Amino acid sequence: MPKRLIAYYYHALPRGTRLAMAGVTLLLVLVASMTIWWLQNSRQSAGQRAAAEADNAARLLEQRVLATNREIDLMLDDVARDAARMPMAPPLEWSEPTGFETIMMLQHKPDRLPHVAVLSILDPQGRVAYSAKANRGDNFSDLPFIRQLIAAPSQRLVISPPYKLRTTGKLGMVFARPVLDDQGKLHAIVLAGVHLDAWQRHLTDIELGQYGSVILMDTQYRLIAREPLTDRENLGTQVQPSQMRPSGLRDNTYFVVSPLDHEQRLSGVRNLAEYPFILGVGLSEKDYLAEWRAALLVCVFGMISLLAFGGWLMYLLWQSGRHAKLLAEREARLAAQESRMRSMVEASPCALGLIDFDQDRIRYVNPDMGLLFGMAAEDMAGKELAELFVRPEEWRACRKALREATTLRELEYAVRNGDSERWVILSATVLDGDGDQEGDDVLVSLIDVTSRHVRETRLSHEAGTDSLTGLANRRRFFERGSETFELARRHRRPFSLLMIDIDHFKQVNDIHGHAVGDEVLIRLARLLEVTLRQGDLAVRLGGEEFVAVLPETNLEHAIEAAERIREAVENAPLTLEDGTLIEFTVSVGAAQMQDDDKELQSLLIAADAALYRAKANGRNRVEADNL
Numbered sequence: 011m012p013k014r015l016i017a018y019y020y021h022a023l024p025r026g027t028r029l030a031m032a033g034v035t036l037l038l039v040l041v042a043s044m045t046i047w048w049l050q051n052s053r054q055s056a057g058q059r060a061a062a063e064a065d066n067a068a069r070l071l072e073q074r075v076l077a078t079n080r081e082i083d084l085m086l087d088d089v090a091r092d093a094a095r096m097p098m099a100p101p102l103e104w105s106e107p108t109g110f111e112t113i114m115m116l117q118h119k120p121d122r123l124p125h126v127a128v129l130s131i132l133d134p135q136g137r138v139a140y141s142a143k144a145n146r147g148d149n150f151s152d153l154p155f156i157r158q159l160i161a162a163p164s165q166r167l168v169i170s171p172p173y174k175l176r177t178t179g180k181l182g183m184v185f186a187r188p189v190l191d192d193q194g195k196l197h198a199i200v201l202a203g204v205h206l207d208a209w210q211r212h213l214t215d216i217e218l219g220q221y222g223s224v225i226l227m228d229t230q231y232r233l234i235a236r237e238p239l240t241d242r243e244n245l246g247t248q249v250q251p252s253q254m255r256p257s258g259l260r261d262n263t264y265f266v267v268s269p270l271d272h273e274q275r276l277s278g279v280r281n282l283a284e285y286p287f288i289l290g291v292g293l294s295e296k297d298y299l300a301e302w303r304a305a306l307l308v309c310v311f312g313m314i315s316l317l318a319f320g321g322w323l324m325y326l327l328w329q330s331g332r333h334a335k336l337l338a339e340r341e342a343r344l345a346a347q348e349s350r351m352r353s354m355v356e357a358s359p360c361a362l363g364l365i366d367f368d369q370d371r372i373r374y375v376n377p378d379m380g381l382l383f384g385m386a387a388e389d390m391a392g393k394e395l396a397e398l399f400v401r402p403e404e405w406r407a408c409r410k411a412l413r414e415a416t417t418l419r420e421l422e423y424a425v426r427n428g429d430s431e432r433w434v435i436l437s438a439t440v441l442d443g444d445g446d447q448e449g450d451d452v453l454v455s456l457i458d459v460t461s462r463h464v465r466e467t468r469l470s471h472e473a474g475t476d477s478l479t480g481l482a483n484r485r486r487f488f489e490r491g492s493e494t495f496e497l498a499r500r501h502r503r504p505f506s507l508l509m510i511d512i513d514h515f516k517q518v519n520d521i522h523g524h525a526v527g528d529e530v531l532i533r534l535a536r537l538l539e540v541t542l543r544q545g546d547l548a549v550r551l552g553g554e555e556f557v558a559v560l561p562e563t564n565l566e567h568a569i570e571a572a573e574r575i576r577e578a579v580e581n582a583p584l585t586l587e588d589g590t591l592i593e594f595t596v597s598v599g600a601a602q603m604q605d606d607d608k609e610l611q612s613l614l615i616a617a618d619a620a621l622y623r624a625k626a627n628g629r630n631r632v633e634a635d636n637l
């Protein structure tokens, strides 16, 4: 009966009233659908931004961990070459010159890599032959990875699981490399013991929010390092995730439930192909969805208010159909409600604006739009929107695309805010003309993403820059240097490298301290910047080793550039605050790309060999690759 009564009264209403009620219902459905769509898309965008941030941070940390492992690996190679020439049965005594030099080498090599706790050389039976810390004759053959090398020696590097190192009593891992004789039999085993703190330090300066975490494991899910590290007792134990599934937001990102704190995070996961390590950088939904959840509460409140408003409007329409004499009163109420709707739009958390499509002039903006551009909302009326873009041609390209697609979503642009610029996500939709104006209007929505853009730019810059000198680091050297090398090789253009090393740099550190040593490194970096050409690339490879990439330069001109650098350094000593004069020199090795050079690494090896000859021939000199 109630349904029949409602239908009776509905059909009894004037046709215009029924159409108005149907329109209100459609509007409510449309607004609810658009709100749900916006919430879904904004959540998806927040997830994608978080996935990109986690993946970028994982890439940065991957390079740090790889750099540490490669430095240890290269040091083991050096020790292995020395061990190949040393007798193992019986080993040389400390009192013998060669034995003394070996022990001192094992003691001083870790000075350049302070995270290496101990270096040792074992005989083919796994007993200590030479070591600066372990006792000669100590038998390590009971360790599984040592037994593995003794049973099946090969040229590959072996990395142990985390365990308490015998020489230091601290948790660490051992890098072991076998040394084979000319017959392919095991001659010796070189070991480098590394404390787990070596990797923990890499994780401490990454900002991941209050609930984010970074974790480093081996391939058996044994914990090597974690930030935050709430319990050191977990180090070395298996921490395999209880749940891990692809996020679908970005390659190499997963939703992971941590077995340590049972928190689900969106994690960027990197498998270090060269070494048995797994790196994970996780962002918690509590952090990256915090703003979205605040917006959700606002939208829920707005939807409840809008539904209440819609119900009230429907009731007014119903009453107006039954009581024509109340028409004037109904219109006044509708006008009041329209004003209220405008206030809600102005209070929207998004920057909204209405643009005259034909004239490209701003009709209306809400206060948030004025705040974004640093103007009062009323002062923006009549301005061309293109004038507010850092690159006006980008908005003109948008208008052209809008004529074809009528809707554009989530495009990133730079806009002006006074004398500064901000980055925004722009969405735009073409609206039909309202009858009083010719043509169509464009509804523009802008979301300020300046902080995210700045953070991503900073992470990208830090990944390729040496933190002490400000020069390019090893990663950027191999990225940009390889590109330049490949172009030179393809177009048969000259290309040269300079390998630069500070003479007696260890004495500077020993006598004056590492702080002065850092000042010397910075002084050399500045001299390289002012001495090299604008198109050249100055790089700090690590320690006191630097590289200069010289495109369009043959060996003759590379030697001239090297001499300029050597003379500039020789004539520019460092003066300390107390007046002490620190004089230092450099040795330089120069090499030019040859037809048989297929990659940048071969040219780097040639320049390093020339540098070695410069040091062997007296230092403070330039030597070129033997062509």
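Following this note's numbering, the numbering of the sequence shown begins with 11 at its first residue and continues without gaps. Even glycine gets a Cβ: it sits at the ideal position worked out from N, Cα and C. Every value quoted in this text rests on a predicted model; they were computed, and no experiment measured them.
For residue i, which residues does DSSP report across the bridge?
i      : result
Lys516 : None, per the DSSP bridge assignment.
Ala202 : Leu129, Phe185
Ser507 : Before going further, note that residue 507 is Leu rather than Ser in the sequence given. Answer is Val559, Ala601.
Val266 : Met254, Arg275
Ser248 : At residue 248 the sequence reads Gln, which differs from the Ser that was named. Per DSSP, Arg232.
Phe430 : Checking the sequence shown, residue 430 turns out to be Ser, not Phe. BP columns for Ser430 point to Asn427.
Ala438 : Leu418, Val454
Gly290 : Ile225, Val279
Asp366 : Arg371, Asp451
Would you call the CB atoms of residue i and residue j closer than 8 angstroms?
i      : j      : result
Arg280 : Leu293 : no
Met114 : Ala202 : no
Glu566 : Gly599 : no
Ile216 : Leu71  : yes
Ile435 : Val530 : no
Ala186 : Leu159 : yes
Val224 : Glu243 : no
Tyr140 : Ser130 : yes
Ala396 : Asn376 : no
Val559 : Gly491 : yes
Thr112 : Asp92  : yes
Asp520 : Leu478 : no
Ala208 : His125 : yes
Grouping DSSP H, G and I as helix and E and B as strand, with all else coil, what is residue i?
i      : result
Asn314 : According to the sequence displayed, residue 314 carries Ile and not Asn. Three-state DSSP puts Ile314 in a helix.
Arg631 : coil
Asp546 : coil
Met98  : strand
Ser699 : Nothing can be reported for residue 699: it is not among the residues displayed for the chain, which extend from 11 to 637.
Met385 : coil
Lys143 : coil
Glu119 : Before going further, note that residue 119 is Lys rather than Glu in the sequence given. Reduced to three states, the DSSP call for Lys119 is helix.
Thr494 : helix
Arg419 : strand
Gly553 : coil
Glu237 : strand
Gly445 : Low local confidence applies: a pLDDT of 35 at Gly445 is under 50, so the model's placement there is unreliable, and no value is given.
Glu403 : helix
Apart from the five residues just before and just after residue i, which ones in its own chain have a Cβ nearer than 7 angstroms to its Cβ?
i      : result
Arg503 : Glu562
Leu49  : Leu306, Cys309
Asp65  : Arg260, Asn262, Thr263, Gly278
Ile82  : Leu123, Val126, Phe185, Ala202, Val204
Ala626 : none
Please list, in chain order, all residues of the same chain as residue i whose beta carbon is under 8 angstroms from its beta carbon, the five residues on each side excluded.
i      : result
Phe3   : In the structure displayed, the chain extends from 11 to 637; residue 3 sits before or after that span and is not available.
Thr541 : Ala571, Arg574, Ile575, Ala578
Asp618 : Met509, Gly599
Arg631 : Arg576, Ser597, Val598, Ala624
Pro172 : Leu181, Gly182, Met183, Leu206, Asp228, Arg232, Leu233, Ile234, Leu245, Gly246
Using the Cβ count rule (16 or more neighbours within 10 Å means buried), how would you classify residue i?
i      : result
Ile46  : exposed
Trp3   : The requested residue 3 does not occur in the structure, where the chain is confined to residues 11 to 637.
Met183 : buried
Ile512 : buried
Arg484 : buried
Tyr325 : exposed
Pro101 : buried
Leu586 : exposed
His272 : exposed
If I measure Cβ to Cβ from residue i and keep anything under 6 angstroms in the same chain, skipping five residues before and after, which residues do I get?
i      : result
Arg533 : Leu584
Gln248 : Tyr231, Arg232
Pro134 : Leu196
Arg419 : Ser437
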